[in-house]
Structure formats: structure tokens, C-alpha cells
Amino acid sequence: MMDECRHTAGVKKVTPSALGCEECLKSGSMWVHLRLCRTCGHVGCCDDSPNRHATKHFHATKHPVIEGYDPPEGWAWCFVDEVFIDLDGDVTPQNGPIPKFF
1 MMDECRHTAG VKKVTPSALG CEECLKSGSM WVHLRLCRTC GHVGCCDDSP
51 NRHATKHFHA TKHPVIEGYD PPEGWAWCFV DEVFIDLDGD VTPQNGPIPK
101 FF
């Protein structure tokens, strides 16, 4: 763990909900990078993307930890404690090829 986070105990193995940002795929929008909710498996786009769906998912659900998912990057971010978490190899494999937009 890079910094102290009180939510690491809640990090789960999850099944990704989509092969890309769920909401962007539905609306035809683009994304830059993907983030994976390590509570429920929701795939959303990062804050550099136009719609920031991963952050919107956090605000709607209060699920605290997202994984850098496209490509699997080996780190996570806790929205509540505002710290990076080293996943130490506990990355979520992709279910198939992820479309690239940017």
C-alpha cells in the first residue's frame, strides 16, 4: 500500500461489467482510460475522459476504491482517503479486447 487507506479490506475480486465504460458504450461517447470499481465491478471512464463516469459512480454508490483498468495498471485509488493503493499483483483481468478511443 502506498499510503494508509482504511478501505483496503473492502477491495474484492470482481467481474468487470462491460468491455469499456458502461455509460459511454450506451451513449456512444469516448473515453481516455478505464477504471474498475473493486466493490461491484462497474467499468467507468477516468477523470480525463469527457464524462468522468467512474467518479460519478463513486458519488452515486459511495464505493470507495477503483482500479486502473485499461490496461490493468497494478494500482487503485481510494476516493474517500484520496490515496493510491498498490494492488501488489491483485489486478483484474480483462474479459476481452477493450475498444480504444483516444
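Here the sequence shown stands for residues 1 to 102, where the numbers follow full-length UniProt numbering. All C-beta atoms, glycine included, are put in the ideal place defined by N, C-alpha and C.
Excluding the 5 residues flanking it on each side, residue 58 has same chain C-beta neighbours closer than 6 Å at 79, in chain order. Between the stretch 32-48 and the stretch 60-67, the count of Cβ pairs shorter than 8 Å is three or higher; the stretches touch. Per DSSP, the unbroken alpha helix (DSSP H) holding residue 60 starts and ends at 53-61.
Residue 37: not part of any alpha helix (DSSP H); member of the beta strand (DSSP E) spanning 34-37, first to last residue. Taking 8 Å as the upper bound for CB-CB distance, residue 47 and residue 55 are in contact here, some 6 Å apart.
In the structure shown, residue 78 adopts extended strand secondary structure according to DSSP, grouped into three states.
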